[in-house]
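Written below as structure tokens is the structure these notes are about.
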Amino acid sequence: MRSSTALGWAAAFLAPALISSLDALSNRPSYQLAGFLYLLAVSLAAYLGGFAAGLVATLLATFGLDFLYTPPRHDFIPANSDQAAGVALFFIVAILISQLFERRRQVQREAEAASARANRLQAVTARLAEAVTPQQVLDAIVTEGVEAAEARAGAIGLIMPDGETIEIVAQRGYERNLFVGWETFPLNRETPMGTAILDDTPFFFSTSAERNAAFPGMGGVSGPSHALAILPLVVEGRAIGAVAFTFPTEIEFEPERRALKATLAQQAAQAIDRVRLYEAERALRQRMTFLADASELLGSSLDYETTLGQLARLAVPDMATWCSVDMAGPDGSIQRLAVAHEDPERVAWAERLGEEYPPDPDQPMGVPNVIRTKTAEFVPDITDELLVEAAQGDERLLEIVRELGLRSAITVPLVARGRALGALSLIRDDSAPRYTELDLDLASELARRAASAVDNAILYREAERRGDASRALAHVDDGVVLLDQEGAVVSLNPAAARILDVDEAGVLGETAVGSIGGWSEIEENARPERGGTRGPVTLPLVRGQGNERWVSVSGVDFGDGAVYALRDVTEERLLERARSDFVATASHELRTPLAAVLGAVKTLRRGDVSLDSDQREMLMDMIDSEAERLSGIVSQILLTGQLDAGRLPLEHERFDPVALTQSVVDSAELHLPNGIELRMQAEVDVPPVAGDENQLRQVISNLVDNAIKYSPQGGDVELRLNRSGQFARIEVADSGLGIPRDEHDRIFEKFYRLDPALTRGVNGTGLGLYISKELVERMNGRISVDSEPGRGSTFVVEVPLAV
Amino acid sequence: MLVADDEPPIRLLCQVNLAIAGMDVLQAADGAEALVVARAEKPDLILLDLMMPNVDGWTVAEELGADEGTRDIPIVFLTARATTNDRRRAEKLGALGYVLKPFDPVRLAPLVAEVVARCARGEAENLRRERPPALWPADLEE
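Those protein sequence lines, which keep their order, are chains A and B. Numbered according to the working numbering, the first sequence spans residues 5 to 807. Numbered according to the working numbering, the second sequence spans residues 3 to 144.
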């Protein structure tokens with residue numbers, strides 16, 4: 005344009021001059037041709053230089069045409085009026101031509117300007133399309149757009165989620181500190197932005213004075229007076245914020261400018277809306293991804309300590325600047341399980357800090373409070389007052405937390421089955437956006453999943469431990485029954501099921517009193533106080549078919565229930581009873597011969613009368629035999645003790661069983677009661693046997709005594725001796741009272757005596773057969789009985805033959 | 003006087019010592035025999051063992067007590083059963099004494115004579131209530 009203008013001016017002077025110089029030629033142009041050439045020169049000048057150049061060229065051309073070509077030549081005064089009219093006409097036509105070209109130039113200039121504006125807008129639009137953050141949106145309209153808007157600086161303020169506050173989300177071109185204290189401000193405060201948003205109207209101030217007059221409360225504008233434009237950012241008919249443009253100088257806002265600003269604002273609004281959507285979508289995706297990753301992580305292992313540590317690390321840096329996990333100990337203490345930050349050095353620092361400031365379970369806020377109340381704490385904006393409160397007067401701690409620049413925090417409890425297991429904390433510093441309700445929802449969901457994973461892991465460990473315990477209990481002979489607080493059976497081991505004669509499946513979950521026979525007696529005698537122990541006590545348990553069992557029971561209450569230990573003491577009890585019966589029996593057995601001996605002595609020593617010699621003799625015999633009997637009983641008791649202790653040495657000798665049997669018969673014959681017939685029947689060729697001859701004699705003699713004793717009505721007692729394979733077989737048969745079949749095994753047990761009704765008052769220690777069996781078996785022999793009540797008994801002793 | 007005991011030595015001791023005191027002594031070797039003799043002879047007193055073949059002493063006492071003709075024969079048990087339960091049972095059966103073996107046969111005669119004399123005077127009930135220590139031992143087993 006500029007070069008074109010210069011050319012225009014050159015043409016304005018040179019072109020008429022060139023045509024005028026043609027006059028000096030010998031063949032000079034005609035008047036008509038010269039006029040035509042002059043018009044061409046004017047056109048050229050006007051075309052190149054615009055109206056002014058055209059005007060100059062017109063004057064020069066008019067002078068040239070008048071002076072050189074209009075007759076009279078070389079004279080300004082035309083020859084006649086026609087001549088003069090011609091010059092005037094020329095002048096007018098030249099002026100018109102100049103104007104014509106000038107208008108064309110103007111149209112072209114306008115078109116070029118419009119095209120440039122469009123280009124600039126297009127550039128802004130392109131930048132806006134690429135913008136993904138509010139700052140980039142601002143940059144697009146303030147750097148690209150500033151040129152379009154002719155502004156030197158700009159700022160974008162958006163309404164915050166609360167709908168009542170404006171936050172300056174981006175600014176460019178302002179001197180530093182201009183927005184200090186103005187990062188956020190209430191929407192309804194009298195500000196250009198606030199008013200523009202509320203009224204949905206733009207403000208255009210051509211001078212600082214105008215703006216100060218409109219908003220006196222804002223304080224004066226610094227620097228030289230300049231123009232200011234504030235336009236609402238409207239999306240779908242709703243103002244979401246405002247953009248401010250600051251101009252270097254005072255500017256008159258004509259409609260075109262205003263329209264351009266409005267266009268910019270509209271585009272910015274759409275871009276911001278898009279950015280917001282994008283941000284929201286990105287945040288959502290980030291959350292979903294995080295939640296998915298976290299869930300996968302939580303499900304990957306039962307080692308929840310490690311998993312939660314990994315979870316904390318997963319949360320940084322996208323979800324949190326800092327992430328920590330704290331666990332509640334069984335004693336109410338709080339243990340930091342993990343803390344995560346992008347920078348490992350910061351993690352180490354935080355861990356040291358955590359050791360220096362261990363959490364106090366009674367703290368009114370933060371993790372202890374969250375665990376205690378099982379309620380999340382959400383602090384979208386960490387204010388300095390909050391930090392001061394949290395530091396509780398510790399200046400150093402306050403300084404540390406202030407330096408961290410914490411912005412926003414979420415602490416959620418890890419709650420499973422109504423129990424707070426710990427807490428998860430997410431903290432962001434100034435480098436990240438503050439948390440929203442969405443983040444709280446995410447954290448709560450994450451905490452829920454984490455708590456469930458931890459709970460599962462704990463339950464699994466518990467189950468494993470219980471599994472170990474129950475495996476151990478399965479092999480214990482003592483019964484163990486676990487009841488809950490309501491008295492329902494939680495578990496019982498096989499020994500308990502056996503002792504109580506119940507089926508495990510039939511009692512689990514049922515009340516013990518209702519499902520276990522005899523449990524009410526156990527409750528009555530062994531139920532412990534809450535937290536206490538009771539027992540052991542020994543109780544009879546009557547089970548089916550009157551089968552009496554004795555159990556020793558003790559109970560321990562551990563708060564959540566009670567555990568009972570049961571031991572089947574029936575055997576001990578029976579033995580104990582047999583022993584006490586034995587004491588009574590032994591006392592009785594000893595008293596009778598003792599009475600005879602003592603009585604005889606006392607009678608013999610009577611001083612008042614003298615006994616005849618027959619009487620004396622009888623009494624002396626009595627002392628002799630009854631003392632023998634006493635000694636026999638005592639021997640039996642001693643022998644039993646020796647057998648029990650395994651301290652009875654037995655001979656291993658070779659002897660003739662026939663002679664032995666004969667000697668027993670011979671001595672028994674000496675004091676045979678009336679009505680008893682004693683016979684012996686022996687095979688002649690029974691070979692010698694091996695064993696202890698004296699002890700075997702005791703055995704056979706005892707059997708013969710029994711045979712006589714249990715034949716109170718008299719009858720035959722027969723000894724039979726024969727060979728049976730590698731054994732000598734000695735039978736002692738009577739036709740006396742007999743023994744019921746189901747007692748055949750028990751009569752060989754220690755202290756066992758038949759029911760008195762079956763013995764008809766026959767005395768005994770209950771040791772004879774026990775001793776016999778022990779002795780025979782120690783000689784590698786056998787003893788057995790064949791008998792029925794009322795049909796007599798046959799005892800069979802088999803002793804191995806000598807090799 | 004009837005001595006019922008399956009142990010011959012005990013019967014002999016009683017017989018010798020009571021005879022010295024001038025008493026006529028009948029003997030029975032078991033419960034059944036005791037019942038027969040008691041019913042036939044109506045002795046002044048029976049010294050009765052508890053553990054005897056065929057019919058034990060308890061049964062003898064019960065049967066005699068149930069019979070109008072023998073109800074008033076005083077019974078003194080002479081036994082080796084040294085438990086309080088047995089003693090209590092003897093009391094319930096209306097026995098006049100419970101002499102525990104071993105016993106002093108020399109002192110038996112005056113004791114028996116005393117019981118017979120008091121019963122003859124119709125003091126059997128008093129005697130039962132008094133329970134003199136010489137006739138009712140205290141040191142028994144549970």
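Heads up, the beta-carbon is just placed ideally off N, CA and C, and yes, glycines get one too.
Can you list, in chain order, the residues of its chain with a C-beta nearer than 7 Å to that of Ser-210 (chain A)? Leave out the 5 residues immediately preceding and following it. Within the first sequence, residue 210 (chain A) is the residue found at index 206, counting from 1. Around Ser-210 (chain A): Ala-231, Glu-254, Ile-255, Glu-256, Phe-257.
Beta-bridge pairing of Asp-488 (chain A) - partner residues as DSSP gives them: Along the first sequence, read from residue 1 onward, the residue named residue 488 (chain A) stands at position 484. BP columns for Asp-488 (chain A) point to A:Gly-565.
According to the neighbour-count rule (16 or more other Cβ atoms, all chains shown, within 10 Å of its Cβ), is Pro-167 (chain B) buried or exposed? Absent from the model: residue 167 (chain B). The displayed extent of chain B is 3 to 144, so no value can be given.
Determine the DSSP secondary structure at Phe-219 (chain A), reduced to helix, strand or coil. Here the question's residue 219 (chain A) lines up with position 215 in the first sequence. Coil at Phe-219 (chain A), not helix or strand.
Return helix, strand or coil for Ile-172 (chain A), following the three-state DSSP convention. In the first sequence, the residue the question calls residue 172 (chain A) occupies position 168. Strand.
Cβ pair Pro-661 (chain A), Ala-711 (chain A) closer than 7 Å: Residue numbering aside, residue 661 (chain A) sits at position 657 when the first sequence is read from its first letter. Residue numbering aside, residue 711 (chain A) sits at position 707 when the first sequence is read from its first letter. Result no, Cβ atoms of Pro-661 (chain A) and Ala-711 (chain A) do not sit closer than 7 Å.
With three or more beta-carbon pairs closer than 8 Å as the criterion, would you say the stretch 416-434 of chain A touches the stretch 449-459 of chain A? yes
Can you find a C-beta in chain B that's less than 7 Å from the C-beta of Met-624 (chain A)? For this step, residue 624 (chain A) is matched to residue 620 along the first sequence. False, the Cβ-Cβ gap to chain B never drops below 7 Å.
Whether Ala-15 (chain A) touches Leu-37 (chain A) by CB criterion (7 Å): Within the first sequence, residue 15 (chain A) is the residue found at index 11, counting from 1. Within the first sequence, residue 37 (chain A) is the residue found at index 33, counting from 1. Result no, Cβ atoms of Ala-15 (chain A) and Leu-37 (chain A) do not sit closer than 7 Å.
Output needed in chain order: residues of the stretch 709-731 of chain A with a Cβ under 7 Å from some Cβ in chain B. Pro-716
Tell me which same chain residues have a C-beta within less than 8 Å of the C-beta of Val-405 (chain A), skipping the five on either side of it? Taking the first sequence and counting its residues from 1, the one referred to as residue 405 (chain A) is at position 401. Correct list, in chain order: Leu-391, Ala-394, Ala-395.
Give me the subset of the stretch 61-90 of chain B whose CB atoms are less than 9 Å from a CB atom of chain A, sorted by chain position. Leu-80, Thr-81, Ala-82, Arg-83, Ala-84, Thr-85
In chain order, what residues of the stretch 578-611 of chain A put their CB closer than 7 Å to some CB of chain B? Ala-588, Ser-591, His-592, Arg-595, Thr-596, Leu-598, Ala-599, Ala-600, Leu-602, Gly-603, Ala-604, Lys-606, Thr-607, Arg-610
Whole beta strand (DSSP E) elements within the stretch 600-668 of chain A, 3-residue minimum: 657-659
Going by DSSP, which residues form a beta bridge with Arg-745 (chain A)? By 1-based counting over the first sequence, the position of residue 745 (chain A) is 741. Partner(s): none; Arg-745 (chain A) has no beta bridge.
Using only the alpha-carbon positions, how far apart do Met-5 (chain A) and Arg-438 (chain A) sit? Numbered from its first residue, the first sequence carries residue 5 (chain A) at position 1. Numbered from its first residue, the first sequence carries residue 438 (chain A) at position 434. Reliability fails at Met-5 (chain A), whose pLDDT of 48 lies under 50, so the model's placement of it is uncertain and the value that follows must be treated cautiously. Approximately 55 Å between the Cα atoms of the pair.
Residues near Thr-515 (chain A) by beta carbon distance below 6 Å, same chain, minus five either side: On the first sequence, residue 515 (chain A) is found 511 positions in, with the first residue counted as 1. So the list reads Gly-491, Ala-492, once near-sequence residues are dropped.
So, is the C-beta of Leu-98 (chain B) closer than 7 Å to a C-beta in chain A? Within the second sequence, the letter at position 96 stands for residue 98 (chain B). Chain A, which has no Cβ nearer than 7 Å to the Cβ of Leu-98 (chain B), makes this no.
Taking DSSP as the reference, what is the three-state secondary structure of Leu-496 (chain A)? Working through the first sequence from its first residue, we reach residue 496 (chain A) at position 492. Residue state, collapsed to three classes: strand.
Taking Cβ positions only, does Glu-632 (chain A) come closer than 7 Å to chain B? In the first sequence, the residue the question calls residue 632 (chain A) occupies position 628. Chain B contact via Cβ: absent.
For Pro-362 (chain A) and Thr-379 (chain A), what's the separation of their Cα atoms in angstroms? Start at 1 with the first residue of the first sequence, and residue 362 (chain A) comes out as number 358. Start at 1 with the first residue of the first sequence, and residue 379 (chain A) comes out as number 375. Straight-line Cα distance between these residues: approximately 21 Å.
Please list, in chain order, the residues of the stretch 11-29 of chain B that have any C-beta partner in chain A closer than 9 Å. Pro-11, Ile-12, Leu-14, Leu-15, Cys-16, Val-18, Asn-19, Ile-22
Between A:Tyr-308, A:Asp-143, A:Ala-92, A:Glu-349, which lies nearest to Ala-269 (chain A) when the distance is taken from Cα to Cα? The residue you call residue 269 (chain A) lines up with position 265 of the first sequence. Checking every option, the nearest Cα to that of Ala-269 (chain A) belongs to A:Asp-143.
How would you list, in chain order, the residues of chain A whose beta-carbon sits under 7 Å from the beta-carbon of Pro-112 (chain B)? Stepping through the second sequence from its first residue, residue 112 (chain B) is reached at position 110. Those do not exist, as Pro-112 (chain B) stays about 11 Å from chain A at its closest Cβ, beyond 7 Å.
Nearest CA to the CA of Leu-37 (chain B): which residue from B:Leu-110, B:Lys-103, B:Asp-26, B:Leu-50? Against the second sequence, residue 37 (chain B) aligns to sequence position 35. Considering only alpha carbons, the answer is B:Leu-50.
Per DSSP, the bridge partner or partners of Ile-414 (chain A): Translated into positions along the first sequence, residue 414 (chain A) becomes position 410. Per DSSP, A:Phe-382, A:Leu-430.
Please specify which runs of the beta strand (DSSP E), each continuous and at least 3 residues long, are wholly inside the stretch 229-259 of chain A, giving them in chain order. 232-239, 242-250
Within-7 Å CB hit, Gln-489 (chain A) to chain B: Numbered from 1 along the first sequence, position 485 holds the residue referred to as residue 489 (chain A). No, Gln-489 (chain A) lies away from the interface with chain B (no Cβ there is under 7 Å from its Cβ).
How about Val-128 (chain A) and Ile-101 (chain A): are their beta carbons less than 7 Å apart? Here residue 128 (chain A) is taken as the residue at index 124 of the first sequence, counted from 1. Here residue 101 (chain A) is taken as the residue at index 97 of the first sequence, counted from 1. For Val-128 (chain A) and Ile-101 (chain A), no; Cβs fall outside 7 Å.
Give the straight-line distance between the Cα atoms of Ala-424 (chain A) and Arg-376 (chain A), rounded to the nearest whole angstrom. By one-based count along the first sequence, residue 424 (chain A) stands at place 420. By one-based count along the first sequence, residue 376 (chain A) stands at place 372. Cα-Cα distance, rounded: 7 Å.
Given a cut-off of 7 Å, decide if Phe-183 (chain A) and Ile-201 (chain A) are closer than it, judged by their beta-carbon atoms. For the purposes of this step, residue 201 (chain A) is identified with residue 197 of the first sequence, where counting begins at 1. For the purposes of this step, residue 183 (chain A) is identified with residue 179 of the first sequence, where counting begins at 1. For Ile-201 (chain A) and Phe-183 (chain A), no; Cβs fall outside 7 Å.
Would you say Val-613 (chain A) reaches chain B, if we count a Cβ-Cβ gap shorter than 7 Å as a contact? Stepping through the first sequence from its first residue, residue 613 (chain A) is reached at position 609. Yes, because at least one Cβ of chain B sits closer than 7 Å to the Cβ of Val-613 (chain A).
Under 8 Å Cβ to Cβ from Gln-640 (chain A), same chain only, skipping five residues before and after it: list those, please. Locating residue 640 (chain A) in the first sequence gives position 636, counting from the first residue. So the qualifying residues of the chain are Thr-769, Leu-771, Gly-772, Ile-775.
On the criterion of 16 or more Cβ atoms from any shown chain inside 10 Å, does Val-688 (chain A) qualify as buried, or is it exposed? Taking the first residue of the first sequence as 1, we reach residue 688 (chain A) at position 684. Answer is exposed; the Cβ neighbour count stays below 16.
Nearest by alpha-carbon distance to Phe-40 (chain A): which of A:Phe-95, A:Ala-342, A:Ala-500, A:Phe-208 is it? For the purposes of this step, residue 40 (chain A) is identified with residue 36 of the first sequence, where counting begins at 1. Comparing Cα positions, the closest option is A:Phe-95.
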